[in-house]
Amino acid sequence: MELLTSLVIGLLVGAGVYLLLQREVLRVVLGTMLISHATNLMLFISGGVKRGGPPIVGRGIPTAGGGLAYTDPLPQALILTAIVIGFASTAFVLVLAYKAIQSRGSDDMEDLRSVEEPHE
Amino acid sequence: MLPTVLTLPFVAAGLVALFGHRAGSKLASVALAVPLAIFAWLVAQVGALPPGGLVWSHGWIEELGLALSFRLDGWSLLFALLIAGIGTLVLWYSRFYLGPDEDHSKFVLYLLLFMGSMLGVVFAENLLVLYMFWELTSISSFLLIGYWHEREASREGALKALVITVIGGFAMLVGLLLLSLSAGTLSVRELALKASEIQAHPFYPWIVGLILAGAFTKSAQVPFHIWLPSAMEAPTPVSAYLHSATMVKAGLYLVGRLSLVLGGTAAWTYPVVVVGLLTMLVGSYTALRQRDLKALLAYSTVSQLGFIMAALGLGTPGALGAAAFHLFNHATFKGALFLVVGIVDHETGTRDLAKLGGLRRAMPWSAAFMTLSALSLAGVPLLSGFISKELIFTSLVEAGSLMGGLAWLLPGVATVASLLTALYSFVLFHEVFDGQARGTTPRPAREASPALLLSPGLLTAVAVLVGLGPHLVTGSLIDPAASALAGQPVEIHAALWHGVNAPFLMSATALVGALAFYPARHRLRALLERLTTRWTAERAYQAFLNGLMGLAQRVTDRHMTGRLADYLLYILIAFVVLVGGTVLANGGFALRPLDLASPTVVELVLLAAMVAGTLFVVRTRSGLAAIITLGVVGYSVVLLWVHWQAPDLALTQLVVESVSVVLLLLAFVHFPKLERKPVAAGRRRLNLAVAVLSGAMVSWLSIRANGTQLFEPISQYFIENSLPLGGGRNIVNVILVDFRGLDTLGEITVLSIAALGVYMLVGSRIRRTRREAAERQEGEGL
């Protein structure tokens, strides 16, 4: 499972990077979102996918040893933070892109460069 | 008391920066109190210093063995007296020199900063502390040279001084670090105890070379001397203070200070003596070629610095004493010369030798001061320069006597240079003040106010008094300074008359020769002018500067393109190369047993949906379809969270995903149609390659993370303690709000900042629309 997910993560990152390198602002924004999905998934599986009940005390799946098995709560806590921050930055980038397009009248990253041309 | 003295100029500078502009031109008279108080305290220390000096130390970065430690011994005291004493006179002078419309507060501020930094250099006991203040003097010198920053020559001169001294300073820093590596300390006192250990160390030649590079650039030794004449664009009081009396002597200070640590070897003595004498020679004959009085004095300073440098390099107790004495005398008579030239410039409007002449009648006092100081520089008996010059000659003759057949070399070079020195010294007063006016000066000459004459007058008086009675300063100032350098009591024998001996013959040859050549000086000057070569240090500096600028420009143009894609490519390529390279170098691509959970059907379906969705997002030309398909990928992740028993993640992601899609769609309305804009074929391939490689690298890292366990997982702790310590059953929530509550606070902060940013960006539009609407209504109302 982890192997397959890792490959999908690679695909998400590759696709995200490819979109980031494009000239259209919308594609850049979509690229960042793909990469944040990939990051979250990677965080989750980095410790291995553990089978068990949800990490709520008492809801674990009984194990042979008499205890209760839970899925790992720690990556979940980290990812929760990441999701929220990812959302915050997506929203900010989106509004920034919107303003840039409003002021320049173009969604081309080339047109959004600073006005100053490099020296010859 | 030492730290108080040291911080006083900086505190005063802070006050000047805050309130100085209110005082106008009177500021200098108020600020005068600072160097005057320091000077008074220093005078009280003369003869009262404990053996080994006054020490103050305070731990700073103890891990690095770095202490803020300062020491006032004889050598420091000599410098500190010059810094505070001439500083007082220069501040006084500048108050009248600068016009009422000039920015006095800026001038006083920079001057105080310099004064504090320079005191720091001479008080520092730890060499890294010395380096810090050393660079501060370079910076304040930069600011002072560029005081009239609207002039291009000022800016260029300031830059040149900064570039050369800072490059030298950097070399010196490397040398100091090597010194610290080889001796384990940077305290001057401890270093002196380990001198033999350091000199046997394989780093020793490097240490000497690098530290001397710092000292030579700072003290304008050949071939780094070119910054000093350019620095003459500074206001004349600055030239007198920094570029003749104090800062340019920092290199001498350091060479003297370290002669107990590094000196006494051929690797130290030869470079210092040879460069010193060469500088003396080059400086004196270049000075003779100058028509601008300040340029003449600048090269003269270069020459005299070389003379003192050579004496310090000899390193014998007598030579060190002679060097300290000449250093003191040079600071006084050269300071006076600069200040008188400043007066001439101020009163006549020119410093050009071709226009000046016969000023004696109009400016009798200036003429007297210039004549006496210049004669002291020339080494005429009964003036201070004569005595200390004789002493250095004595040391040169002694050193020469050890060189067998080349015994004549050192004294010979010094005699020729002294002859040239005497020649241009005569020019200084004779051509300016004597005879007839050669041309018309921009302003008719008249004597300066007594206030302006006070400073050069006092300095000249010192030169005359010391010339008549050298014992006024030798016992109290010069001997302690030389003793601090030699590490043993030194007593110099300064006398007006030593009998007819080799040094006296050298002095006599120089003076008589100068008198003999004087009538032919114009022809000599013309001859020297023809000697110019194409390969000068000046050209090398310009070529270096142009090359550096060009390189910086090309590099900047190449990487600062303003394109996000370019920046990302640099970052990602670095990521792939560095991480991939490290993995490759450490054999990380080897396969290892993996700890895998077997996939379930649900997982396979969800992953397949994500793959399909991702590929579609990349390929589609429709923005709407891309947004919706990205939503599909997001919801697949949500379902994965559900399947993986992560209810909190699933809920949060569900909300976030939904809001994101709505936001994207809202923004999408305003976006232009998503047309694929052309990307060059080569660039497209590069993008693709970087994307594939980055993806592959992340995949590989993710796979490798599996089965790698460096530490015992801490998750069990949270599972066990969620209820007893956190009082909650939802372990993830307890981690977030309790165990890692501070992280969550950070997260909320980020969210708030983003929200504020969004509001500012969107809100400004809303506000503008409202305002426009209101204005329109007003317009209609009228």
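Chains as they are written, first to last, in my numbering: chain A, 773 to 892; chain B, 35 to 816. Idealized CB from N, CA, C, for every residue including glycine.
Checking 9 Å against the spacing of the C-beta atoms, do residue 729 of chain B and residue 783 of chain A come in under that value? Within the second sequence, the letter at position 695 stands for residue 729 of chain B. Within the first sequence, the letter at position 11 stands for residue 783 of chain A. Yes.
Tell me the DSSP secondary structure of residue 168 of chain B in three-state form. Within the second sequence, numbered from 1, the residue matching residue 168 of chain B stands at position 134. Helix, per DSSP.
Tell me, please, whether the CB atom of residue 744 of chain B is closer than 9 Å to any CB atom in chain A? As a position in the second sequence, residue 744 of chain B is number 710, starting the count at 1. Chain A, which has no Cβ nearer than 9 Å to the Cβ of residue 744 of chain B, makes this no.
Rounded to a whole number of angstroms, what is the C-alpha to C-alpha distance between residue 614 of chain B and residue 795 of chain A? The residue labelled residue 614 of chain B in the question sits at position 580 within the second sequence. The residue labelled residue 795 of chain A in the question sits at position 23 within the first sequence. Approximately 27 Å between the Cα atoms of the pair.
Is there at least one Cβ from chain B nearer than 9 Å to residue 862 of chain A's Cβ? The residue given as residue 862 of chain A occupies position 90 in the first sequence. Residue 862 of chain A counts as touching chain B.
Could you name the residues of chain B that residue 836 of chain A contacts, counting a contact when the two beta carbons are closer than 9 Å? Looking up residue 836 of chain A in the first sequence gives position 64. Those do not exist, as residue 836 of chain A stays about 17 Å from chain B at its closest Cβ, beyond 9 Å.
For residue 197 of chain B and residue 54 of chain B, the rounded distance between their alpha carbons: Numbered from 1 along the second sequence, position 20 holds the residue referred to as residue 54 of chain B. Numbered from 1 along the second sequence, position 163 holds the residue referred to as residue 197 of chain B. Each residue's Cα considered, the two are about 30 Å apart.
Taking 6 Å as the limit between beta carbons, can you name the residues of its chain near residue 800 of chain A, skipping five residues before and five after? On the first sequence, residue 800 of chain A is found 28 positions in, with the first residue counted as 1. Closer than 6 Å at Cβ, skipping near neighbours: 792.
Can you list the residues of chain A that residue 711 of chain B reaches, using a CB-CB cut of under 7 Å? As a first step, residue 711 of chain B is located in the second sequence; it is residue number 677 there, counting from the start. Here the neighbours are 795, 796 and 880.
Would you mind reading off the limits of the beta strand (DSSP E) that contains residue 467 of chain B? Within the second sequence, the letter at position 433 stands for residue 467 of chain B. Here residue 467 of chain B belongs to no beta strand (DSSP E); instead the alpha helix (DSSP H) covers 443-467.
Cα-Cα separation, residue 230 of chain B to residue 431 of chain B: If you number the second sequence from 1, residue 230 of chain B lands on position 196. If you number the second sequence from 1, residue 431 of chain B lands on position 397. Distance between the alpha carbons of residue 230 of chain B and residue 431 of chain B: 28 Å.
In whole angstroms, what separates the C-alpha of residue 818 of chain A from that of residue 679 of chain B? Indexing the first sequence from 1 puts residue 818 of chain A at position 46. Indexing the second sequence from 1 puts residue 679 of chain B at position 645. Approximately 16 Å between the Cα atoms of the pair.
Give me the chain B residues within the contact set of residue 823 of chain A, using Cβ-Cβ distance strictly less than 7 Å, ordered along the chain. Position 51 of the first sequence, counted from the first residue, corresponds to residue 823 of chain A. Near residue 823 of chain A (Cβ distances below 7 Å), the residues of chain B are 631.
Return helix, strand or coil for residue 721 of chain B, following the three-state DSSP convention. As a first step, residue 721 of chain B must be located in the second sequence, where it is residue number 687. The answer is helix: DSSP assigns residue 721 of chain B an H, G or I state.
Is the CB of residue 129 of chain B under 9 Å away from at least one CB in chain A? For the purposes of this step, residue 129 of chain B is identified with residue 95 of the second sequence, where counting begins at 1. By this cut-off, residue 129 of chain B is not an interface position.
Please report whether the beta-carbon of residue 576 of chain B lies at a distance below 9 Å from any beta-carbon of chain A. Locating residue 576 of chain B in the second sequence gives position 542, counting from the first residue. No, residue 576 of chain B does not count as interfacial toward chain A.
Take every Cβ of the region 343-352 of chain B, pair it with every Cβ of the region 99-115 of chain B, and state whether three or more of those distances are shorter than 8 Å. no
With contact counted as at least three CB pairs below 8 Å, one residue from each stretch, are the region 322-339 of chain B and the region 453-468 of chain B in contact? yes
Whole angstroms are fine: how far does the CA of residue 884 of chain A sit from the CA of residue 675 of chain B? On the second sequence, residue 675 of chain B is found 641 positions in, with the first residue counted as 1. On the first sequence, residue 884 of chain A is found 112 positions in, with the first residue counted as 1. When rounded, the distance between both Cα atoms is 38 Å.
By DSSP, does residue 842 of chain A sit in helix, in strand, or in coil? Within the first sequence, the letter at position 70 stands for residue 842 of chain A. Strand.
9 Å Cβ cutoff, residue 729 of chain B in contact with chain A: Within the second sequence, numbered from 1, the residue matching residue 729 of chain B stands at position 695. Chain A contact via Cβ: present.
Classify residue 710 of chain B: buried if its beta carbon has 16 or more other beta carbons within 10 angstroms, exposed otherwise. Stepping through the second sequence from its first residue, residue 710 of chain B is reached at position 676. So residue 710 of chain B counts as exposed.
Could you tell me how far apart the beta carbons of residue 372 of chain B and residue 331 of chain B are, in whole angstroms, since I believe they sit closer than 8 Å? Taking the first residue of the second sequence as 1, we reach residue 372 of chain B at position 338. Taking the first residue of the second sequence as 1, we reach residue 331 of chain B at position 297. About 6 Å; that satisfies the 8 Å criterion.
Buried versus exposed, by CB contacts within 10 Å (16 or more), residue 95 of chain B: Counted from its first residue, the second sequence places residue 95 of chain B at position 61. Its Cβ having fewer than 16 others within 10 Å, residue 95 of chain B is exposed.
Could you run through the region 795-809 of chain B and flag, in chain order, every residue whose CB is less than 7 Å away from some CB of chain A? 795 and 796
Using a Cβ-Cβ cut-off of 8 Å (strictly less than) and excluding sequence neighbours within five positions of residue 647 of chain B, which residues of its own chain qualify? Within the second sequence, the letter at position 613 stands for residue 647 of chain B. Excluding sequence neighbours, residue 647 of chain B sits near 663, 664, 666, 667 and 670.
Pull up the distance between the alpha-carbon of residue 164 of chain B and that of residue 151 of chain B, whole angstroms please. Translated into the one-based positions of the second sequence, residue 164 of chain B becomes position 130. Translated into the one-based positions of the second sequence, residue 151 of chain B becomes position 117. Residue 164 of chain B and residue 151 of chain B: Cα-Cα distance of roughly 9 Å.
Answer yes or no: does any C-beta atom of chain A fall closer than 9 Å to that of residue 649 of chain B? As a working mapping, residue 649 of chain B is identified with position 615 in the second sequence. It does: the Cβ of residue 649 of chain B has a partner Cβ on chain A nearer than 9 Å.
Quick one: measure Cβ to Cβ for residue 526 of chain B and residue 425 of chain B, integer angstroms, because I've assumed they're closer than 8 Å. Indexing the second sequence from 1 puts residue 526 of chain B at position 492. Indexing the second sequence from 1 puts residue 425 of chain B at position 391. About 6 Å separates the two Cβ atoms, so the contact holds.
CA-CA distance, residue 737 of chain B and residue 600 of chain B? Start at 1 with the first residue of the second sequence, and residue 737 of chain B comes out as number 703. Start at 1 with the first residue of the second sequence, and residue 600 of chain B comes out as number 566. The alpha-carbon atoms of residue 737 of chain B and residue 600 of chain B are separated by roughly 29 Å.
Quick one, which residues of the region 826-855 of chain A are near chain B if we go by CB-CB under 7 Å, in chain order? 826, 827, 828, 829, 830, 842, 843, 844, 845, 846, 848, 849, 851, 852, 853 and 855
Local conformation of residue 773 of chain A per DSSP, three classes: Position 1 of the first sequence, counted from the first residue, corresponds to residue 773 of chain A. Correct three-state label for residue 773 of chain A: coil.
If you measure from the beta carbon of residue 323 of chain B to each beta carbon in chain A, is any gap under 9 Å? For the purposes of this step, residue 323 of chain B is identified with residue 289 of the second sequence, where counting begins at 1. False, the Cβ-Cβ gap to chain A never drops below 9 Å.
Where does residue 714 of chain B sit, in a helix, a strand or coil, going by DSSP? Residue mapping note: residue 714 of chain B aligns to position 680 of the second sequence, counting from 1. Residue 714 of chain B falls in the coil class under three-state DSSP.
Out of curiosity, what's the CA-to-CA distance linking residue 785 of chain B and residue 858 of chain A? Counting from 1 along the second sequence, the entry for residue 785 of chain B is found at position 751. Counting from 1 along the first sequence, the entry for residue 858 of chain A is found at position 86. Their Cα atoms are separated by approximately 9 Å.
Give the straight-line distance between the Cα atoms of residue 891 of chain A and residue 781 of chain B, rounded to the nearest whole angstrom. The sequence position of residue 891 of chain A within the first sequence is 119, counting from 1. The sequence position of residue 781 of chain B within the second sequence is 747, counting from 1. Residue placement at residue 891 of chain A cannot be trusted, given a pLDDT of 46 that sits under 50; the coordinates are not used to answer.
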